[in-house]
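What follows is one structure encoded as structure tokens, with my remarks underneath.
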Amino acid sequence: MKIYRANIIYAPTPDKLEIIPHGYIAVRSSGIIQGIYKEKPEQTDWRQVVDFGDKLLIPAFNDLHVHAPQYRNMGLALDLELLPWLNTYTFPEEAKYANPEYAQKMYRRFVHELWMQGTMRSAVFGTMHSESTRILADLFVQAGMGSYVGLVGMNRNSPDNLQNTTEYVLEGLEMLRNHLDKHGNNGLVKPIITPRFIPSCTPEMLKALGDYAAKTGLPVQSHLSENRSEIAWVAELEPESTCYGDAYNRYGLFGQTPTLMAHCCYTDGEELELMKRNGVYVVHCPMSNSNLSSGIAPIRKFLEQGIKVTLGTDISAGHNLSMLRAMQYAIQVSKLRYAESRGATRFLSLSEVLYLATKAGGEFFGKVGSFEQGYEFDALVIDDTYLNAFDYTLEQRLERYIYLGDDRDIKRRFCRGVELTEPVW
Ligand code: GUN
Ligand code: FE
């Protein structure tokens, strides 16, 4: 048993921050939280206590939508909308991952920066190349971080050097699954079925991936209703579907197993009902939706309807790998929607965005993202001394950390109870 003492802040529900000044968290050797206490638990030997003094202790971040092979383009090339952006900037960069040496070099940097940013769990797109994607998964294992790693399926409407086949994807997924069953760090790193989006995959590939989900129970991630031109294109490609979401649903890729759908800027009506009915997760990517001029996702509506909402950076359409920036953008774009609706749509609160960045996304990985009994201890120790010059309250310190802080303030990182030191490779 380990006991940590610090200023504890977490969001067990969207509407409330739990704040325990100089509180205690007891963590079993399995990495599971035994309890959380205002006072030192009885029979505690002081030698068991690791005291973080006046620092903040918050749950580590979970990024539910991010493209590892777009790392080189982060902060670049944001002057186009989605479809020309993919063709002009993104596909040429992803094609380089045919070379495993390039993948190794770039993915090391990517995983290292995720570690720096305090993102201990992620749902990641690799590329269409199975060897490079296995390299990415192995780097997560080496770093001790949790991840769902996706070998991307794409066999139409992309350059010749960036298309695979149904057979190749099924074989690659099976290899990845067997590999991670053995070497996935006790289930911390797992595969996820990843059709890029409807325009990139033939009906034959979509059906095969849906069948594979049914057979293996593996989760699914993809993109949905991000941009108006994309939605119009999907309607042409899948004329029998009643909406974009229905196109995935017909192939068994829409909540038949746990499913993440990034963006959902224009999800409404039947698509919204289908997401609710099937328990499909929305991954809100506000940086990306701003940068590619995609739109503002109706997050308040999703929350009111009881749809599961999580948060992602979506680099390199998103320009920053920090979940602090994702939280900040989530609040800010929700205020633009508030203004457009003349105040009818309430904007997101601080506790709501902390909840989205921690417990909401953590649910995809099990009992992760909160400091409650039975949860895995994923945590960050934050030194915000320089931000706390005027004796702020703990809630104000959290707010200033979200708006003004960065990775340099993160002093310690824990994933499933294990302290993760900087990956060296
Ligand atoms: N839709 C299909 N591929 C992508 C991608 O790489 N990024 C984003 N933002 N949307 C996509
Ligand atoms: Fe994306």
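Position 191 of the sequence shown, counting from 1, maps to 970 under the numbering used here, and the rest follow consecutively.
Even glycine gets a Cβ: it sits at the ideal position worked out from N, Cα and C.
Reducing DSSP to helix, strand and coil, say where G1048 ends up. Per DSSP, reduced to three states, the secondary structure at G1048 is helical.
Give the list of continuous beta strand (DSSP E) stretches no shorter than 3 residues that lie fully inside the stretch 1040-1102. The qualifying runs are 1060-1063 and 1088-1090.
H1063 versus H1042: straight-line alpha-carbon distance, rounded: Distance between the alpha carbons of H1063 and H1042: 5 Å.
When DSSP builds the beta bridges, which residues end up paired with G989? According to DSSP, which records beta bridges pairwise, G989 is partnered with nothing at all.
For T1021 and M984, the rounded distance between their alpha carbons: 20 Å
Would you please state the rounded distance, in angstroms, between the beta carbons of Y876 and H908? I believe it to be under 8 Å. 5 Å
Opening and closing residue of the alpha helix (DSSP H) in which M885 lies: Counting along the chain, the alpha helix (DSSP H) containing M885 begins and ends at P879 to M895.
Taking only three categories from DSSP, how would you classify N957? DSSP places N957 in helix when its eight states are reduced to three.
Quick one: what's V1197 bridged to in DSSP? According to DSSP, which records beta bridges pairwise, V1197 is partnered with C1194.
Backbone CA spacing between L865 and P978 [nearest angstrom]: Spanning the two alpha carbons is a distance of roughly 12 Å.
With a threshold of 6 Å on Cβ separation, who are the neighbours of L1129 within its own chain once the five nearest residues in sequence on each side are excluded? Cβ neighbours of L1129 beyond the five flanking positions: E1178.
For A1105 and A1136, believed in contact at Cβ under 8 Å, the rounded distance: 7 Å
Limits of the alpha helix (DSSP H) - the one that T912 falls within: S909 to A922
Return yes when at least one heavy atom of ligand 2 lies under 7 Å from the C-beta of D842, else no. no
Mind listing, in chain order, the residues whose beta carbon lies closer than 6 Å to a non-hydrogen atom of ligand 1? Going by the Cβ distance cut-off, the answer is H846, L861, L865, T869, R975, F976, H1002, E1005, S1067, D1093 and A1096.
For H846 versus D1093, is the C-beta spacing smaller than 8 Å? A contact, by the Cβ cut-off of 8 Å.
Per-residue burial, R975 [other beta carbons within 10 Å of its own, 16 or more giving buried]: Flag for R975 reads buried.
Measuring alpha carbon to alpha carbon, tell me which residue in F1143, F1169, R784 and S1073 is nearest V903. F1143
Tell me K1114's beta-bridge partners as DSSP assigns them. In DSSP, K1114 forms no bridge with anything.
Less than 6 Å between C-beta atoms, sequence neighbours within five positions excluded: which residues of the same chain meet that for L1039? If we look at L1039 and ignore the five residues flanking it on each side, its Cβ neighbours are L843, A902, Q1000, Y1060 and V1062.
Tell me where the alpha helix (DSSP H) around R784 begins and ends. Taken as a continuous stretch (DSSP letters only), R784 belongs to no alpha helix (DSSP H), being part of the beta strand (DSSP E) at K781 to T792.
State the Cα-Cα distance for the pair V931 and Y1027, rounded to the nearest angstrom. V931 and Y1027 have their C-alpha atoms roughly 15 Å apart.
Suppose the cutoff is 6 Å on Cβ atoms and the five residues either side in sequence are ignored; what does the same chain contact list for Y828 look like? With the sequence shown as reference, residue 828 is identified as Val, and Tyr is not the correct amino acid for it. I782 and R784.
Own chain partners of R1007 with C-beta closer than 6 Å, once the 5 adjacent residues on each side are dropped: Same-chain partners within the cutoff: there are none.
Express the C-alpha separation of D939 and C1044 in angstroms, rounding to a whole number. 30 Å
Is the beta carbon of A839 closer than 8 Å to that of M895? no
Status (buried if at least 16 other CB within 10 Å, exposed otherwise) for M1054: buried
State the beta-bridge partners of R826 as determined by DSSP. None; R826 has no bridge partner.
What's the C-alpha gap between Y850 and H1098? Taking C-alpha positions only, Y850 is separated from H1098 by approximately 9 Å.
In DSSP terms, what V999 is bridged to: I972 and T1038
Quick one: Cα of A1123 to Cα of T995, how far? Their Cα atoms are separated by approximately 44 Å.
Report the rounded CA-to-CA distance for L1016 versus E1049, giving the unit in angstroms. 19 Å
Within 7 Å: the Cβ of A1041 and any heavy atom of ligand 4? Ligand 4 is absent from the structure shown, which contains only ligand 1 and ligand 2.
Are three or more beta carbon pairs between the stretch 857-873 and the stretch 910-918 nearer than 8 Å? no
Which partner residues does L1166 have in the DSSP bridge list? According to DSSP, L1166 bridges with nothing at all.
Along the chain, where does the alpha helix (DSSP H) that runs through D1025 open and close? Y1023 to R1029
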